[in-house]
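Residue numbers (our numbering), protein chains in the order written: chain A, 1 to 74; chain B, 1001 to 1352.
For glycine and all other residues, C-beta sits at the position ideal for the given N, C-alpha and C.
First up is the structure itself, then whatever we jot down about it.
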Amino acid sequence: MSHFTLDARRTLCPMPVIKTQNKIAELEPGDTLEVTCTDPGALNDIPAWCRINGHTITSSREQDDEVIIVIQVN
Amino acid sequence: MPQQPKPEQKKAVALISGGLDSLLAAKIMLEQGIHVEGINFYTGFCVEGHTHAIRKKDKDKPKRNNALWSAEQLGIKLHIIDIIDEYKDVLINPKHGYGANMNPCLDCKIFMVSKAKQWMEENDFDFIITGEVMGQRPMSQRKDLLPVVVRESGADDLLLRPLCAKNLAATLPEREGWVNREELKDFSGRNRKPQMALAAEYNFEDYATPAGGCCFLTDKNYSDKLVDLWKARNSKDYELDDIMLLKVGRHLRPQPNYKLIVSREDGENKFLQGYKKQFTTIEIKSHNGPLSLVDGEPSDDDLKFASRIAARFSQGRDAKNVTVKVTRDTGEEALYDVQPMPASEIQKEWYV
């Protein structure tokens, strides 16, 4: 199990989701991915994508105009 | 969590736009026991979320991607695919031409169905479904043009349109009995009531606005900005950043060799900050004011002139002088004290 990060800043919906989707395709179950975005829409879209694809959001927060979402790959 | 397909189940890939029609078409297939997965293509021109995410005035509105929302309502997987680069050829060289604006709707539909067919083959699916309704849209869904999509996409009789299938010849999934043709629909025309009634039957609420456009290319103002960009560069090419920036700010072209993009409020200001290293910028230093990007190849005199325009949109618009900082895309900086341009001197034709 490894931890990965993904910079999706300065991209707008749905690019943060596409980047997340493509990165997770490379990961193994149990890995975690921390995605940093500047589009607040990611706060809804990435969790929605995770719900329909069976991954788990372990935390999400807004900090200095950035959205940071941590996903556990299932 | 979406279901996995059972061994005996036929599998359909559904083009999911986020609108009501594709939602209903997929639901009809699910009701017939078909395993459905959604596919959503991102061209760069999709309306989904973009300006809503940028503009502060929209920050209180719920932000959602309607294609993801549709998939969640249906309980299906959704694959969002970036086709930005491939789509350039569709937009720049549409075989069937443009609609009322720069929308190459028929070529776009043919391209998306052909990409869906490719996905279907790569993922061992059996057929493709779309939410097309005969006669609903003037370009891509005209009765005489629906067969063109079938033929030129290469999908042939593997393309099923559940909402209007009864108006069309039976496709392979119908002939083979994978789906029951009798339970498909015969919708046609621009009347949306049958779709709304079906949505109510399926208890779908809060779906995206019926008949709402999902592509910026159908918008005249956006199309005008795109054409201006191509004309100024003498090339019908673009990058993602170019087409994103067409959605943001006021665009003014005082001279053919440069254009100003002036943010309209804090949300756009923050968004444009991300482009400071790529563009020459004008920042208002003595007053509150917008960040402006300068696209093109302006001279020093052009930048002084542009600074007066930018100052016009600052809180110093009525001041005698406003201090601005101009930062070239090379990193070279200069401070200017400029007289804000009076509104009467800003020519209407500068607005793109």
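In this structure the segment 1119 to 1132 of chain B lies against the segment 1010 to 1018 of chain B, because at least three pairs of beta carbons, one per stretch, are closer than 8 angstroms. Burial state of Pro1256 of chain B is exposed, judged by a 10 Å Cβ sphere holding fewer than 16 other Cβ atoms. For Val70 of chain A, the nearest beta carbon of chain B is not closer than 7 angstroms to its own beta carbon. Between Lys1225 of chain B and Leu1246 of chain B, the CB-CB gap stays under 7 angstroms. Unbroken beta strand (DSSP E) runs of no fewer than 3 residues, entirely contained in the segment 1217 to 1269 of chain B, are found at 1250 to 1255 and 1258 to 1262, following chain order.
The alpha carbon of Arg1312 of chain B has as its nearest neighbour, out of B:Asp1337, B:Gly1296 and B:Gly1331, the alpha carbon of B:Asp1337. If you draw a straight line from the Cα of Tyr1098 of chain B to the Cα of Thr1218 of chain B, it is about 10 angstroms long.
Taking C-beta separations shorter than 8 angstroms and ignoring five residues to either side along the sequence, the partners of Gln1009 of chain B in its chain run Gly1033, Ile1034 and His1035, following chain order.
By the neighbour-count definition (other C-beta atoms within 10 Å, threshold 16), Ser1070 of chain B is a buried residue. Non-local C-beta neighbours of Ile1081 of chain B in its own chain, meaning closer than 6 angstroms and more than five positions away in sequence, comprise Phe1041, ordered along the chain.
Counting along the chain, Ser1022 of chain B sits inside the alpha helix (DSSP H) bounded by residues Leu1020 to Glu1031. For His1079 of chain B, the pairing in a beta bridge is given by DSSP as B:Ile1039.
If you draw a 10 Å sphere on the C-beta of Glu1037 of chain B, you find 16 or more other C-beta atoms in it, and that means buried. Near chain A, meaning a CB-to-CB distance below 8 angstroms, no residue of the segment 1282 to 1308 of chain B qualifies. Non-local C-beta neighbours of Ser1286 of chain B in its own chain, meaning closer than 7 angstroms and more than five positions away in sequence, comprise Gly1316, Val1322 and Thr1323, ordered along the chain. In the three-state DSSP reduction, Leu1335 of chain B falls in the strand class (E or B). Our two residues, Ser1299 of chain B and Val1326 of chain B, have alpha carbons roughly 12 angstroms apart in a direct line.
Ile1309 of chain B sits buried, since 16 or more C-beta atoms from the chains shown fall within 10 Å of its C-beta.
Under the Cβ criterion (8 angstroms, minimum of three pairs), the segment 1289 to 1299 of chain B does not count as touching the segment 1333 to 1350 of chain B. Residue-level contact by beta carbon fails for Asn74 of chain A and chain B, as no gap is shorter than 7 angstroms.
Within chain A, the residues Ile52 have their CB atoms less than 7 angstroms from the CB of Ala1071 of chain B, given in chain order.
Linking Ala1025 of chain B to Leu1198 of chain B through their CA atoms gives a straight-line distance of about 10 angstroms. Here Lys1259 of chain B is buried. Its C-beta has 16 or more other C-beta atoms within 10 Å. DSSP, read as helix, strand or coil, puts Ile1128 of chain B in strand.
Judged by DSSP in its simplified three-state form, Glu1205 of chain B adopts coil rather than helix or strand.
Inclusion of Leu6 of chain A and Val35 of chain A in the CB contact set at 7 angstroms is warranted, their separation being smaller than that value. Taking 7 angstroms as the threshold, the shortest C-beta distance from Cys13 of chain A to chain B falls below it. Close partners of Gly1274 of chain B in chain A (Cβ separation under 8 angstroms): Arg9, Arg10 and Thr38. The three-state secondary structure of Met1134 of chain B, taken from DSSP, is strand. The beta carbon of Val35 of chain A does not come within 7 angstroms of any beta carbon belonging to chain B, so the residue lies off that interface. Close to Ala25 of chain A, with beta-carbon spacing below 9 angstroms, lies no residue of chain B; the smallest spacing is near 10 angstroms. Distance check between Gly1044 of chain B and each of B:Leu1091, B:Ala1155 and B:Ser1022 places B:Leu1091 closest, using alpha-carbon atoms only. Rounded to whole angstroms, Ser1153 of chain B and Pro1094 of chain B show a C-alpha spacing of 14 angstroms.
Asn1123 of chain B sits exposed, since fewer than 16 C-beta atoms from the chains shown fall within 10 Å of its C-beta.
Neighbourhood of Arg1064 of chain B in chain A, by CB distance below 8 angstroms: Gly41, Asn44, Asp45 and Ala48, in chain order. Taking a contact as a CB-CB distance under 8 angstroms, the pair Tyr1202 of chain B and Lys1027 of chain B counts as one, their CB atoms being some 5 angstroms apart.
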